[in-house]
Amino acid sequence: MASRADPLVLSRAQVREVDRRAIEEYGIPGVVLMENAGAGAARAIRELAARAGLERPSVGIACGGGNNGGDGFVVARHLANAGWSVQLLCTRALEELHGDALAMARICSAMRLPHAFSLEGCEVLVDALLGTGFHGALEPVLGARIAELNRLRASGARLLVALDLPSGLDADSGIPSDPCVRADATLTFAARKPGLLAASAKPFTGLLEVIDIGVPRALLAGSAAAE
-15 MASRADPLVL SRAQVREVDR RAIEEYGIPG VVLMENAGAG AARAIRELAA RAGLERPSVG
45 IACGGGNNGG DGFVVARHLA NAGWSVQLLC TRALEELHGD ALAMARICSA MRLPHAFSLE
105 GCEVLVDALL GTGFHGALEP VLGARIAELN RLRASGARLL VALDLPSGLD ADSGIPSDPC
165 VRADATLTFA ARKPGLLAAS AKPFTGLLEV IDIGVPRALL AGSAAAE
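Letter by letter, the sequence shown follows residues -15 to 211 in the working numbering.
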């Protein structure tokens, strides 16, 4: 897990440019970046659970239809392989997914990881609904899932972890939607986003950690310096 003091900050546009250049100029497949993100997040979640006194707890992972959901599928696979009891709650059917997220969902399907209509009773919750691409108004189905995650955390779940950003938080402005995930910890990928550092984001992010996803450091630093 990277240090919370990591100084790099990347906007939504810069993150997209970093991904594009990592894939096109450095030849790192997008699916490799997603695997690195999810595997790193799974390790961090295991550490967070251990600090909370949880050993191989039950985990519910809410996955959206984009790449953030794909990261969630990778987390699910790694935690299942570590002996955790995993439940998936997906906002999109398998046939509605595409690209790298579809590839990761197919692996979870082949592993027969169970899908649920509710994550009630899970000790650890993982928010993989929305990432840096979100801005504007929430779709009703996503708003309902966010509200459910917050309700479950308040009613008995021990830990709520957001991947990249708490769903509903704008990556650039830090303005939260209503509702917005209230995470105990946010595992953000490659670099911090400006919205995570805004005063308006503090009630939602919890502990902030940066997960290394294998992007060359020179590319990250150059992108952070460029405007």
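Ideal placement from N, C-alpha and C gives every residue a C-beta, glycine not left out.
F188 has its alpha-carbon roughly 7 Å from the corresponding atom of C164. When the Cα atoms are used, A77 and E31 turn out to be separated by approximately 31 Å. The residue among G54, L204, T172 with its C-alpha nearest the C-alpha of A28 is T172.
Here A6 really is in contact with L17; their C-beta atoms are around 6 Å apart, less than 8 Å.
Minimum Cα-Cα distance from A26 among the listed residues P178, V(-1), L109, F101 corresponds to L109.
Each of S(-5), A141, R4, L147 was checked against the Cα of P200, and the nearest Cα belongs to R4. With distances taken between CA atoms, S139 lies nearest to L103 out of L103, E193, D111, V125. Assignment of S207 by DSSP, reduced to helix, strand and coil, places it in the helix class. Distance from the Cα of Q(-2) is smallest, within the candidate group D84, G117, G54, G22, for G117. Counting along the chain, V70 sits inside no alpha helix (DSSP H); it lies in the beta strand (DSSP E) bounded by residues 69 to 74.
Inclusion of L113 and S151 in the CB contact set at 7 Å is warranted, their separation being smaller than that value. For V110, the uninterrupted beta strand (DSSP E) run begins and ends at 108 to 112, by DSSP.
In the structure shown, the three-state DSSP call for H62 is helix.
Per the DSSP secondary-structure output, G44 pairs in a beta bridge with Q71, L109. In this structure, DSSP gives T116 a state outside helix and strand, which the three-state scheme calls coil. The beta carbons of A169 and L191 sit closer together than 7 Å. In the structure shown, F173 falls within a strand segment according to DSSP collapsed to helix, strand and coil.
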